[in-house]
Structures are given as structure tokens and as C-alpha cells.
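Q: Under our numbering, the first residue of the sequence shown carries the number 771, and numbering increases by one thereafter.
Built from N, CA and C at the ideal position, the CB exists for glycine as well.
Quick one: this structure, given as C-alpha cells, is what I'll be asking you about.
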Amino acid sequence: MADRQALDEVVRFTSDLIRIDTTNRGGGDCRERPAAEYAAARLAEAGLEPTLLERTTGRTNVVARIEGTDPSADALLLHGHLDVVPAEAGDWSVHPFSGEVRDGVVWGRGAVDMKNMDAMILAVVRDWARSGFRPRRDLVVAFTADEEASAEDGSGFLADRHPELFEGCTEGISESGAFTFHDGAGRQIYPIAAGERGTSWLKLTAHGRAGHGSKVNRDNAVTRLAAAVARIGAHEWPLRLTPTVRAALAGLADVYGLEVDLDDPRDIDGLLAKLGPAASLVEATLRNSSNPTMLNAGYKVNVIPGQAVAHVDGRCVPGGEEEFARTLDELTGPDVEWEFEHREVALQAPVDSPTYARMRAAVQEFAPEGHVVPYCMSGGTDAKQFSRLGITGYGFAPLKLPEGFDYQALFHGVDERVPVEALHFGVQVLDRFLRTA
771 MADRQALDEV VRFTSDLIRI DTTNRGGGDC RERPAAEYAA ARLAEAGLEP TLLERTTGRT
831 NVVARIEGTD PSADALLLHG HLDVVPAEAG DWSVHPFSGE VRDGVVWGRG AVDMKNMDAM
891 ILAVVRDWAR SGFRPRRDLV VAFTADEEAS AEDGSGFLAD RHPELFEGCT EGISESGAFT
951 FHDGAGRQIY PIAAGERGTS WLKLTAHGRA GHGSKVNRDN AVTRLAAAVA RIGAHEWPLR
1011 LTPTVRAALA GLADVYGLEV DLDDPRDIDG LLAKLGPAAS LVEATLRNSS NPTMLNAGYK
1071 VNVIPGQAVA HVDGRCVPGG EEEFARTLDE LTGPDVEWEF EHREVALQAP VDSPTYARMR
1131 AAVQEFAPEG HVVPYCMSGG TDAKQFSRLG ITGYGFAPLK LPEGFDYQAL FHGVDERVPV
1191 EALHFGVQVL DRFLRTA
């Protein structure tokens, strides 16, 4: 079990990392190096030999390997990103880069996404160094840049240019799993991520005939684009159950003592209605999605532009990519072109694996009242890039959260924060899992 120093350090490391502003505004506007150097120094103090790697100056990644006792065992990757999304200080109760600890809570951008997990990894590794413990399998620790944008300077760069650092890794764990979900009726659910929808960010372009705003114009690019965007936003995507989502629905049905025929869409709709708030754990991953997010056209109110552009955040369930592309062709029609601006694969991980069973057991040891279920993430993580190396990814960043603490809303949200006790729980569960992994 992790010692008292590890519990103190996970709080301090979370706070320290938050104070290092690693805001990723996209387009290369970020500098993770100070946070990377901080993490590397903590690893070096534990006797490891971290490597710092950059594709672009200032966009720094850290990789270190802990040798296990069984050279024949597959290695396990622990990874967390160092960058965070922007935060507007005026909207926050506490400055987003203060790292302030107030009333038993650590405040700041990155408190849940995901400097908390970075700090957990550092605290566990250092605890092992003090006690002399060595894991059974090699562990590769990676702190990455650029996850909140394209990952080209982070996990994509590492996977493409430095695959040798991950030799032997067959599985990995990272963010967004094993947190407490309170269903409002006294149940505590701990979802462990075993899949991710694929990323399909789109650019739509409509061309037309430029002209005076007072004239009749049947070739208006804005009109064409607006019609396509409206069709895309209103489209009802069909149900597509993947193995991970089927397992999630079955697990939730078991928690609630409900019978469900997962081959009958009407039964699934009925189950979601009975799950109440817990339906939010699965409803976004039952199908593909396409949400228009940006529009850009024109430069003056009385001028009809010759071109209009929109962007759409598309997400695909595993196996849904062909349907997604075919449907976009139909929805955009002949007058609007579309292309992928950023595309990453959907992922699935087995929920009957020994690794999943060990994660479940670690959570249940410290939260025996909890119900552990698998789930699929609606968004994506660095696991997508590491999957290029044949690494199967799980979301496992354990946190025990109080009722009323809306963990999911704090991702990229205002007043992001994490309770100190949640960090302590996370260190204990992560330590227990990794000792048995």
C-alpha cells in the first residue's frame, strides 16, 4: 500500500503541475517543456533515467522505463498528457493556474484533465523507489505534449519516430476511467474505459457566385452551406452497438436488476429510460455523431461571398467509418464539398482480459460499495496514437468522488478541481493495480 509520503506528494505534484501553464491553444501555440522538466526531475529523483524528446522546440515529451522482475512478461504503458485546454481567469472562482488547495480541494486547469493522473503516476513510482518494490512486468511511463490538439507533437510523434521506447508494450492505461459516478439513487458506479469512438473532424466548403447582396442569386454559397449544416445537425444516426457498449449496457442492466434484449432497439431505449442519470455513461456511444461547431463566410453584409466554410465534430463508433463517410456524402449533397481535417481511429479493448479483471479488483478493494462496469469514451485520448504500436488502451485514472461532484462536466469546464481525498484514493488504487499487473 502506498505510504503517507505518496499521499502528500500526489497533492503537491498536482498543484505544482497546475501552476505550470501548459495551455494548448492549437496551431502549435503551447509549451509543455517546463512541465516535462518537472516530471522528469521527479522521475530522476526516483532513480529512473527519463528521456526528453521534442519534434518541435518546447513541445516536450518524457519517457522512462521501469524494469520488471519477469523479462518474459509483456510491458505495460502508463501515459498522461501535460497540456491543458485554455481557461479564462475571469470566469473562475479561483485562478485557473493557481493550483490552490482550498477546503480539501485542489483547484485549477488540469485538475481532472489530466495533471491529477500525471501526479498519481509520479507518486506511485517514487513510493516504489523508497520501498525497493519492482513490478512483475516492465512499465513504460510517458508524459506527452499536444494531446489537446492533434497529438502530432506528442503521442503521434513518439509512436511514429520513437517506437523503440515502447518495445514490448501490449497494453496501456491513461485517463477517464474508474471515477465515482453517483446515480442519484444511492448507487456508486465506477466505469472503466475499454474503448473510444474515432475522431472525424470535418471541413465543409460551399462555392457559389459572389455578388451584390441586393440582387437575386441562386448560387449563394452561404445558403448552400447552411442547408447542409442544418441537415447534418438534424441527422438521426442509427444505433450501432459495439462489443464494449454491449458490455456496458449489460453491466448497467445487472446493476439495476433489469432484463434487456440487446438485439432489440426498443429494449435498449427502454433500458436507457430506466437508468436515469447513469444513461449518460453510454448514450453518446450508441451511434456515430456529427455536431456542427464552426461557421465562416463573408466579409460585409451587402456582399454575397463566393465561398462559405463550416467545421463539424464527427465521431465514429468502431466499425462505423464507412457508414459515416457515405452518410456525409448524402447530407452535404452535390453543392458542398467535405474533407477530413483530422482523423483518428476508434478503439476497443477486451473486457474479459486479465488486465481489466485486475483493474476491477483494485477498485473494489478500496470501494467495495461500488459497481464496476466497462464503458466506451465518447471522445478520444492518446491511446489512439499508441494503438499504432499494437498497444491496447484502457481508461483508468481512479478517483473516489463525493455525491454532487460532476466530474464529467469539469473536463474543459470552469472551476475544474479535484478533492484531495480523491487523489489519495487514486494513488492507492493505481498502486494496487500496478503491483498485480
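If residue 813 sits next to residue 911, beta carbons under 8 Å apart, how far is it from one beta carbon to the other, in whole angstroms?
A: As a first step, residue 813 is located in the sequence shown; it is residue number 43 there, counting from the start. As a first step, residue 911 is located in the sequence shown; it is residue number 141 there, counting from the start. So it is a contact: roughly 7 Å between Cβ atoms.
Q: Does DSSP classify residue 827 as helix, strand or coil?
A: Numbered from 1 along the sequence shown, position 57 holds the residue referred to as residue 827. Coil, per DSSP.
Q: Scan the stretch 868 to 916 and note each continuous alpha helix (DSSP H) run of 4 residues or more that stays entirely inside, going in chain order.
A: List check, alpha helix (DSSP H) in window: 885 to 901.
Q: Grab the span of the alpha helix (DSSP H) containing residue 1154 for me, first residue to last.
A: Start at 1 with the first residue of the sequence shown, and residue 1154 comes out as number 384. From DSSP, the alpha helix (DSSP H) with residue 1154 extends over 1153 to 1156.
Q: Which residues share a DSSP beta bridge with residue 939?
A: In the sequence shown, the residue the question calls residue 939 occupies position 169. BP columns for residue 939 point to 845.
Q: Please name the residue, chosen from 857, 874, 858 and 806, that lies closest to residue 849 on a Cα-to-Cα basis.
A: Here residue 849 is taken as the residue at index 79 of the sequence shown, counted from 1. Of 857, 874, 858 and 806, the residue nearest in Cα terms is 806.
Q: For residue 1156 and residue 1198, which I take to be in contact (beta-carbon distance under 8 Å), what is that distance rounded to the nearest angstrom?
A: Taking the first residue of the sequence shown as 1, we reach residue 1156 at position 386. Taking the first residue of the sequence shown as 1, we reach residue 1198 at position 428. In fact, because the Cβ distance is near 26 Å, the residues do not count as touching under 8 Å.
Q: Measuring straight from C-alpha to C-alpha, what distance separates residue 724 and residue 1128?
A: Nothing can be reported for residue 724, as the shown portion of the chain is limited to 771 through 1207.
Q: What runs of the alpha helix (DSSP H), each 4 residues or longer, lie entirely inside the stretch 1003 to 1047?
A: If we require 4 residues or more, the alpha helix (DSSP H) runs fully inside the stretch 1003 to 1047 come out as 1013 to 1025 and 1035 to 1045.
Q: Mind checking which residues open and close the beta strand (DSSP E) that includes residue 1085?
A: For this step, residue 1085 is matched to residue 315 along the sequence shown. Run containing residue 1085: 1077 to 1086, per the beta strand (DSSP E) assignment.
Q: Would the beta-carbon of residue 885 fall within 8 Å of that of residue 818?
A: Numbered from 1 along the sequence shown, position 115 holds the residue referred to as residue 885. Numbered from 1 along the sequence shown, position 48 holds the residue referred to as residue 818. Not in contact: residue 885 and residue 818 (Cβ atoms no closer than 8 Å).
Q: Just to confirm the assignment, what range does the beta strand (DSSP E) spanning residue 1190 have?
A: Mapped onto the sequence shown, residue 1190 falls at position 420. That residue, residue 1190, is in no beta strand (DSSP E); its alpha helix (DSSP H) goes 1190 to 1206.
Q: Under 8 Å by Cβ, that's how I've got residue 1010 and residue 1090 pegged, so tell me the actual separation to the nearest angstrom.
A: Here residue 1010 is taken as the residue at index 240 of the sequence shown, counted from 1. Here residue 1090 is taken as the residue at index 320 of the sequence shown, counted from 1. At roughly 5 Å, the Cβ-Cβ gap stays under 8 Å, so residue 1010 and residue 1090 are in contact.
Q: Using CA atoms only, rank isn't needed, just tell me which of 1170, 1176 and 1014 is closest to residue 948.
A: Taking the sequence shown and counting its residues from 1, the one referred to as residue 948 is at position 178. Minimum Cα distance to residue 948 is reached at 1170.
Q: Got a sec? Which residues, its chain only, sit under 6 Å from residue 1158 by beta carbon, not counting five neighbours each side?
A: On the sequence shown, position 388 is the one that residue 1158 refers to. Here the set comprises 929.
Q: If you run the structure through DSSP and keep just helix, strand and coil, what is residue 1169?
A: Taking the sequence shown and counting its residues from 1, one reaches residue 1169 at position 399. Strand, per DSSP.
Q: Since residue 1196 and residue 1167 should fall inside the 8 Å C-beta cutoff, what is the C-beta to C-beta distance between them, to a whole number of angstroms?
A: In the sequence shown, residue 1196 corresponds to position 426, counting from 1. In the sequence shown, residue 1167 corresponds to position 397, counting from 1. That belief holds up - the Cβ atoms of residue 1196 and residue 1167 are roughly 7 Å apart, short of 8 Å.
Q: List, from N- to C-terminal side, the alpha helix (DSSP H) runs of 4 residues or more that fit wholly inside the stretch 774 to 830.
A: Entirely contained in the stretch 774 to 830, the alpha helix (DSSP H) runs reaching 4 residues are, in chain order, 774 to 789 and 803 to 815.
Q: Pairing CB atoms from the stretch 1104 to 1115 with CB atoms from the stretch 1029 to 1042, are three or more of them under 8 Å?
A: Verdict: no, contact absent.
Q: Determine the direct distance from the alpha carbon of residue 1024 to that of residue 1012, and round the result to whole angstroms.
A: Reading the sequence shown from its first residue, position 242 is the one you call residue 1012. Reading the sequence shown from its first residue, position 254 is the one you call residue 1024. For residue 1012 and residue 1024, the distance between alpha carbons rounds to 18 Å.
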